[in-house]
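A.B. asks: My questions all concern the structure below.
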Amino acid sequence: MSNAILEARDVHFGYRHSAPVLAGVSFAVRPGRSMALVGESGAGKTTLLRLLLGLARPGSGAILFDGRELDLGDRARRLEFRRGVQTVFQDPYSSLDPRQRVSRIVAEPLRSLGLGPAAVDRDAPRADRRAEIRQRVAAALDSVGLPADAADRYPHEFSGGQRQRIAIARAVVCEPRVLLADEPVSALDVTTRVRIVDLLGELTRERGLTVVMVSHDLGVVATLCEDIAVLERGRIVEQGGIDAVLGSPTHPYTRRLIASAPRLPAAR
Amino acid sequence: MSLLTVSGLSVHAPDGRALVRDLSFAIGPGDRLGLIGESGSGKSLTALAIMGLLPAGMTVSGSVLLDTPGLPASEVVGAPARLLNRLRGRAVTAVFQEPLTALDPLMRVGRQVAGPLRRWRGLRGAALREATLAALAEVRLTDPERIARAYPHEISGGQRQRVAIAMALACRPALLIADEPTTALDVSVQADVLSLLANLIAAHGMSLLFITHDLAVVAGVTDRVLVMRDGTAVESGTVRDIVTAPRAPYTRDLVNSARTFDAALDRRKP
Numbered sequence: 040m041s042n043a044i045l046e047a048r049d050v051h052f053g054y055r056h057s058a059p060v061l062a063g064v065s066f067a068v069r070p071g072r073s074m075a076l077v078g079e080s081g082a083g084k085t086t087l088l089r090l091l092l093g094l095a096r097p098g099s100g101a102i103l104f105d106g107r108e109l110d111l112g113d114r115a116r117r118l119e120f121r122r123g124v125q126t127v128f129q130d131p132y133s134s135l136d137p138r139q140r141v142s143r144i145v146a147e148p149l150r151s152l153g154l155g156p157a158a159v160d161r162d163a164p165r166a167d168r169r170a171e172i173r174q175r176v177a178a179a180l181d182s183v184g185l186p187a188d189a190a191d192r193y194p195h196e197f198s199g200g201q202r203q204r205i206a207i208a209r210a211v212v213c214e215p216r217v218l219l220a221d222e223p224v225s226a227l228d229v230t231t232r233v234r235i236v237d238l239l240g241e242l243t244r245e246r247g248l249t250v251v252m253v254s255h256d257l258g259v260v261a262t263l264c265e266d267i268a269v270l271e272r273g274r275i276v277e278q279g280g281i282d283a284v285l286g287s288p289t290h291p292y293t294r295r296l297i298a299s300a301p302r303l304p305a306a307r
Numbered sequence: 084m085s086l087l088t089v090s091g092l093s094v095h096a097p098d099g100r101a102l103v104r105d106l107s108f109a110i111g112p113g114d115r116l117g118l119i120g121e122s123g124s125g126k127s128l129t130a131l132a133i134m135g136l137l138p139a140g141m142t143v144s145g146s147v148l149l150d151t152p153g154l155p156a157s158e159v160v161g162a163p164a165r166l167l168n169r170l171r172g173r174a175v176t177a178v179f180q181e182p183l184t185a186l187d188p189l190m191r192v193g194r195q196v197a198g199p200l201r202r203w204r205g206l207r208g209a210a211l212r213e214a215t216l217a218a219l220a221e222v223r224l225t226d227p228e229r230i231a232r233a234y235p236h237e238i239s240g241g242q243r244q245r246v247a248i249a250m251a252l253a254c255r256p257a258l259l260i261a262d263e264p265t266t267a268l269d270v271s272v273q274a275d276v277l278s279l280l281a282n283l284i285a286a287h288g289m290s291l292l293f294i295t296h297d298l299a300v301v302a303g304v305t306d307r308v309l310v311m312r313d314g315t316a317v318e319s320g321t322v323r324d325i326v327t328a329p330r331a332p333y334t335r336d337l338v339n340s341a342r343t344f345d346a347a348l349d350r351r352k353p
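Chains as they are written, first to last, in our numbering: chain A, 40 to 307; chain B, 84 to 353.
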């Protein structure tokens with residue numbers, strides 16, 4: 040299909056002298072349909088995410104962005120891709136530079152991509168560019184529910200949940216279309232997890248953001264995503280709409296994952 | 084009579100901050116208690132205080148009384164290392180979250196499991212070897228011979244955690260402390276390890292203190308739970324009561340959060 044933002048087409052990936060990490064993986068991420076990549080450790084989820092981010096290249100097959108094969112050698116297309124696809128990592132303690140203020144961390148994509156109208160216009164006065172960046176950082180912090188004064192503080196002053204909000208602010212500051220998130224809530228406490236999932240849901244509804252989420256937590260995935268692909272040892276064993284896959288799983292591995300999810304005893 | 088009686092336990096950081104405040108609870112023979120709380124609630128420090136393993140610089144007050152069969156009743160708080168060494172392994176042992184750091188990376192698994200057997204049961208030679216393999220087989224590791232020869236990095240995370248459980252249970256402690264034993268594991272492995280733990284505890288009539296941040300995990304393992312927040316006990320009761328009718332606002336928040344994800348999963352089900 041042509042309307043996919045990101046697509047994996049028969050992707051293979053492996054290291055020399057070892058079993059393939061990914062084999063024949065194909066799926067498409069469509070606008071407005073957040074996608075879950077589910078599986079256990081060693082299934083190839085994180086490798087797949089790295090391929091989608093262009094941090095590694097598939098051994099064979101292709102990753103397509105807007106219907107065209109990902110080509111990060113071309114500067115213009117690389118900027119376009121980085122602007123359209125941003126990421127949030129699992130561990131909010133190691134993914135933020137402890138020596139930089141939040142304002143600088145969040146502004147990083149704007150600086151490195153030369154984004155923002157004033158920033159693009161090299162003739163604009165420096166003060167204007169700074170003001171523009173400040174304004175966009177403030178808007179991003181506001182959109183993730185952090186106070187404006189967070190900008191002047193350092194990451195260590197924030198809790199895990201707040202740090203993950205900072206990481207999300209950094210990802211959405213350049214108004215990407217896709218957010219790739221690798222286990223974005225698994226390092227967080229349960230109550231914080233709910234709030235961050237709520238925040239991601241809000242961003243998808245209000246900003247037209249599509250989330251691609253690697254997770255092993257089916258509850259989280261069921262809350263947020265519309266589509267799902269289940270990976271087992273480098274292969275997609277089942278994929279489709281989340282209602283269909285979780286509602287009537289056909290593959291034994293999917294059934295086992297669903298049965299293993301810890302649940303509260305039913306309320307009387 | 085209780086096996087473990089914690090009363091008025093407080094732990095202070097070197098800078099004077101109270102990390103655990105006036106905590107009291109008891110565990111009887113065969114009891115299973117879940118200690119629930121989020122990061123920073125003081126649940127792991129409580130476990131360390133019970134084992135007498137708090138980091139240097141922290142000050143403890145209150146009382147931790149261990150009264151286990153075959154050993155004189157002992158007060159852990161302020162006890163000398165000599166007494167603590169006698170308690171650890173037989174009165175109380177622990178399984179921690181990360182099996183990779185709990186095991187010595189430079190020692191074969193078999194030798195590590197043999198350690199406590201040698202020390203506490205006085206086994207040597209062929210008898211020790213046999214007991215080691217039996218301990219590994221008991222935690223349902225297939226091919227215990229191979230596992231015993233392996234180094235920790237050569238086996239999977241789930242297998243490592245089973246080895247850690249085998250070591251902890253080797254000397255039949257009266258009380259097992261499990262501190263987030265399945266947090267680092269995959270969900271299906273987690274389900275297996277939890278049922279293994281529950282079966283072994285029941286089979287040997289041991290008591291269990293299960294520490295976790297995940298209400299859903301603890302609900303399947305223990306009968307009672309104690310909810311902690313900011314170093315103090317917020318609420319305690321049976322799992323069923325806490326889950327169906329939480330009284331404290333914090334517990335309600337915790338239960339509702341877990342329910343949110345459960346409900347999303349249920350909605351998708353036929």
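Using N, Cα and C, we set each Cβ at its ideal position, and we do this for glycine too.
1) Any C-beta of chain A within less than 9 Å: which residues of the stretch 142-154 of chain B qualify?
2) Rounded to whole angstroms, what's the CA-CA distance from Asp188/A to Asp181/A? Just pull it up for me.
3) Suppose you measure from the CA of Met134/B to the CA of Val127/A; what does that come to, to the nearest Å?
4) For the pair the stretch 273-284 of chain A and the stretch 234-253 of chain A, tell me if three or more CB-CB distances fall below 8 Å.
5) Taking buried to mean at least 16 other C-beta atoms within 10 Å of its own C-beta, is Met289/B buried or exposed?
6) With a 10 Å radius around its C-beta and 16 neighbouring C-beta atoms as the bar for buried, classify His56/A as buried or exposed.
7) Using a Cβ cut-off of 8 Å (strictly closer), state whether Ala75/A contacts chain B.
8) Let's see if you can read the secondary structure: which residues bound the alpha helix (DSSP H) around Ala331/B?
9) Does the stretch 307-323 of chain B come into contact with the stretch 132-150 of chain B, if we say contact requires no fewer than three beta-carbon pairs (one atom in each stretch) closer than 8 Å?
10) Going along the chain, which residues of its own chain have a beta-carbon closer than 8 Å to the beta-carbon of Gly111/B, five neighbours each way excluded?
11) Identify whether Ala43/A lies in helix, strand or coil by the three-state DSSP scheme.
12) Closer than 9 Å between beta carbons: that is the criterion. Which residues of the stretch 334-346 of chain B meet it against chain A?
13) Counting beta carbon pairs with one atom in the stretch 273-290 of chain B and one in the stretch 239-257 of chain B, are three or more of them shorter than 8 Å?
14) Determine, using beta-carbon pairs with one atom in the stretch 112-128 of chain B and one in the stretch 213-232 of chain A, whether at least three such pairs fall under 8 Å.
15) Looking at Ser271/B and Glu222/A, is the spacing between their C-beta atoms short of 8 Å?
16) How many angstroms separate the CA atom of Leu219/A from the CA atom of Arg122/A?
17) Where Val338/B and Leu268/B are concerned, what is the direct C-alpha to C-alpha distance, given to the nearest angstrom?
18) Could you check the C-alpha separation between Ile235/A and Arg204/A for me, to the nearest Å?
19) Name the one or two DSSP bridge partners that Val217/A has.
20) Which residues in chain A have a C-beta closer than 8 Å to the C-beta of Gly303/B? List them in chain order.
21) From Gly184/A to Leu148/B, what does the alpha carbon distance come to, in whole angstroms?
22) Could you say which of Val250/A, Glu271/A, Leu296/A and Gly286/A lies nearest to Gly71/A if we only look at CA atoms?
C.D. replies: Reading it off the structure:
1) Within the stretch 142-154 of chain B, no residue qualifies.
2) Near 10 Å, if we compare the C-alpha coordinates of Asp181/A and Asp188/A.
3) 38 Å
4) At 8 Å Cβ cutoff, the stretches do not touch.
5) The residue in question, Met289/B, is buried, as its Cβ has 16 or more Cβ neighbours within 10 Å.
6) exposed
7) For Ala75/A, the answer is no, since every Cβ of chain B falls outside 8 Å of its Cβ.
8) Note, Ala331/B: premise wrong, no alpha helix (DSSP H); not H, not E.
9) Output reads no: the stretch 132-150 of chain B does not touch the stretch 307-323 of chain B.
10) Met84, Ser85, Leu86 and Ser290
11) coil
12) Asp336, Leu337, Val338, Asn339, Ser340, Ala341, Arg342, Thr343, Phe344, Asp345 and Ala346
13) yes
14) yes
15) no
16) 12 Å
17) 23 Å
18) 7 Å
19) Val124/A and Thr249/A
20) Result: Pro301.
21) 46 Å
22) It is Val250/A whose Cα lies nearest to the Cα of Gly71/A.
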